[in-house]
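The letter at position 59 of the sequence shown is residue 50 when you use the numbering used here, and the numbering goes up by one with no holes.
Worksheet: the structure to be examined is printed underneath.
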Amino acid sequence: MIIGITGPIASGKDILLNIMLKNLNKKNISIIDADIEGKELVQIYWKDIEKMYNVNSKQELSKLVFSNIENLKNYNNYIHPKLSSILKKKLLKFAGNQKNSNCHKFNNQKLLILNCALLHLFKLEFLCNKIIFIDSSPELRLQRLINRNNLCEESAKNIIKLQMLIENYTSIKKIKINDKKYSIIENNAGLTDFETSITETLDKISKNL
């Protein structure tokens, strides 16, 4: 089984993943994190990226990429095809191996969790059996991003704005809210409430298998 985790930046995807690992049988879980895969790609192609963008560090690259939509699109056009290809290959490999599995119980079968903010942009949703969409208010996401990445308010607002131009989460949420493949969790309260919502969602997924 493949579960996709998606949602806008600073909505709580990493927290969701950690709570899932705490509640499920870790021995049967594999994880693909698109952010980690992306960072590894940057490392592999760093010499080319240095020349292309005339930067000397990852910090300079990030500042340049998120300075405007043109730079972000240009960088995405370079790195995203490579990243989406890697993710798709890993998902297909896991799905192929699962065909020979005889485990049908949710907490005993092998499970792959894909943590990917740009799940729909990469057109990977069709490879997922279930998708958990995490959302949160713009105000909370802004404050979390400022605290998490040690950013000024202006920089954090710009990153959120640019991401929304690349992946329209509001539209995705409206379209998918009645799709049985999707579970939508609002992360606007405290951690305890968020964890309760996640546990309830996992129970529903298990019962609907």
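No residue lacks a Cβ here, since even glycine has one placed at the ideal position from N, Cα and C.
These numbers come from a predicted model, not from an experiment.
Whole-number beta carbon distance between residue j and residue i, since they are thought to touch under 8 Å
| i | j | result |
| --- | --- | --- |
| residue 14 | residue 193 | 6 Å |
| residue 151 | residue 0 | 6 Å |
C-beta atoms of residue i and residue j nearer than 8 Å
| i | j | result |
| --- | --- | --- |
| residue 231 | residue 115 | Lying before the first or after the last residue shown, residue 231 is absent from the chain, which here runs from -8 to 200. |
| residue 63 | residue -8 | no |
| residue 6 | residue 123 | no |
| residue 121 | residue -6 | yes |
| residue 4 | residue 125 | yes |
| residue 32 | residue 70 | yes |
| residue 29 | residue 108 | no |
| residue 179 | residue 127 | yes |
Residue i burial status per 10 Å Cβ neighbour count (16 or more: buried)
| i | result |
| --- | --- |
| residue 156 | exposed |
| residue 35 | exposed |
| residue 39 | exposed |
| residue 61 | exposed |
| residue 58 | exposed |
| residue 10 | buried |
| residue 129 | exposed |
| residue 132 | buried |
| residue 45 | exposed |
| residue 95 | Low per-residue confidence applies at residue 95: pLDDT is 44, beneath 50, and the placement is therefore not dependable, though the value from the model is reported in the following sentence. Flag for residue 95 reads exposed. |
| residue 27 | exposed |
| residue 12 | exposed |
| residue 197 | exposed |
Inset, instruction - Identify every run of the alpha helix (DSSP H) within the region 59 to 132, keeping only runs that are complete inside it and at least 4 residues long; order them along the chain. - result: 60 to 89
Legend entry - Contact between the region 71 to 83 and the region 22 to 37 (3+ Cβ pairs under 8 Å): yes
Inset, instruction - Answer yes if the region 168 to 179 comes into contact with the region 40 to 60, meaning at least three C-beta pairs across the two stretches below 8 Å, and no otherwise. - result: no
Inset, instruction - Pick out the complete beta strand (DSSP E) segments inside the region 130 to 191, 3 residues or longer, and give them in chain order. - result: 173 to 177
Inset, instruction - Please list the segments of the beta strand (DSSP E) lying wholly inside the region -5 to 59, counting only runs of 3 or more residues, in order along the chain. - result: 20 to 24
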